[in-house]
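*Asks:*
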Amino acid sequence: MDTHLTKPAEPSTSDLGRRVRAARQAQDLTLETASRLCGVSRSTLSKVENGLMSPTFDVLQKIVLGLKIEIGELFGSTPKVSAGGRRALTRKDAGQRHAYRGYQMELLATDLAHKAMLPFRIRISAHTLDAFDDWGRHEGEEFLYVISGSVCLYSELYAPTHLNAGDSIYFDSRTGHAAVSTSDEDAEVLWMATSADIPQVAADSAKK
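Following the UniProt record's numbering, the numbering of the sequence shown begins with 1 at its first residue and continues without gaps.
(1) Should R121 and L60 be called a contact, given that it needs their Cβ atoms to be closer than 9 Å?
(2) Measure the beta-carbon distance from A178 to F132 and round it to whole angstroms, keeping in mind my assumption that it falls under 8 Å.
(3) Measuring CA to CA, which of I69, F57, D111 and E142 is closest to L37?
(4) Measuring straight from C-alpha to C-alpha, what distance separates L29 and T161?
(5) Return the CA-CA distance between S181 and Q96, expressed in angstroms with no decimal places.
(6) When DSSP labels each residue in this structure, what does G17 get in the three-state scheme?
(7) Look at T110 and G72 and say whether their C-beta atoms are less than 9 Å apart.
(8) Assign L52 to buried or exposed, taking buried as 16 or more other Cβ atoms, counted over all protein chains shown, within 10 Å of its Cβ.
(9) With a cut-off of 8 Å on the beta carbons, I'd call E141 and S173 a contact; round off their distance for me.
(10) Can you pull the DSSP bridge partners for C152?
(11) Can you give the Cα-Cα distance for P119 and Y145, rounded to whole angstroms?
(12) Output yes or no for whether 9 Å exceeds the beta carbon distance between L16 and L31.
(13) Can the beta-carbon of R24 be found less than 9 Å from the beta-carbon of L67?
(14) Taking the Cβ atom as the reference point for each residue, do F75 and R19 lie within a distance shorter than 9 Å?
(15) Would you mind working out which of G149, I169 and L157 sits nearest E185, comparing C-alpha positions?
(16) Check the C-beta distance from K62 over to V40 and give it rounded, since I have them as a contact under 8 Å.
(17) Based on the DSSP output, what are the partners of M192 in its beta bridges?
Pasting the structure below:
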């Protein structure tokens with residue numbers, strides 16, 4: 001059974017960039033101000049907006065947090081907020097697509113706002129660390145479950161961890177990390193990260 005991501009093509013980087021620019025302009029923010037709020041360089045933000053760069057998950061998280069928007073908004077979804085009984089159904093191959101160096105990502109449950117977790121289905125096409133410019137790192141925690149193939153998770157603090165189908169690992173996102181496929185084919189994983197807006201959600205809940 002082929003479980004790889006093969007159906008819809010990813011939205012173009014230019015589409016994502018236009019949505020980032022629209023979110024910034026809707027708040028009357030200059031590139032300089034937005035870059036400071038997001039914690040990314042003006043050059044990086046400009047390249048993302050102009051479709052010249054496919055941002056990493058770390059950069060996406062910073063943009064989402066800095067502009068106070070939902071990650072789904074960058075992929076054409078309109079996330080909904082509900083008081084209780086929340087759920088989000090994502091049919092097979094119906095998630096929002098995003099590709100950057102080494103990873104082909106399918107974002108799941110993008111129609112739900114203020115999620116405690118950000119779930120992804122990812123095909124890892126990187127087979128060596130040379131595919132990455134730097135470690136991935138951001139606030140929060142992550143969980144990785146290998147669906148098919150085999151994976152090696154590299155970390156700043158631990159020895160490389162080899163994972164086969166059915167194995168999983170939970171780790172601190174602030175520790176530099178990167179995952180590569182160690183099988184002949186690309187590996188496929190379920191990857192979950194705590195949302196960038198969890199601290200704000202918790203603060204809002206505490207006020208009620």
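Ideal Cβ positions, reconstructed from N, Cα and C, are used throughout, including at glycine.
*Replies:* On the basis of the data shown:
(1) no
(2) 5 Å
(3) Here the closest residue by C-alpha is I69.
(4) 42 Å
(5) Taking C-alpha positions only, S181 is separated from Q96 by approximately 22 Å.
(6) Note: G17 maps to helix in three-state DSSP.
(7) yes
(8) exposed
(9) 6 Å
(10) H162 and V180
(11) 11 Å
(12) no
(13) Contact: yes.
(14) If you check the CB distance, F75 and R19 come in under 9 Å.
(15) G149
(16) Right, their Cβ atoms sit about 5 Å apart.
(17) P119 and F143
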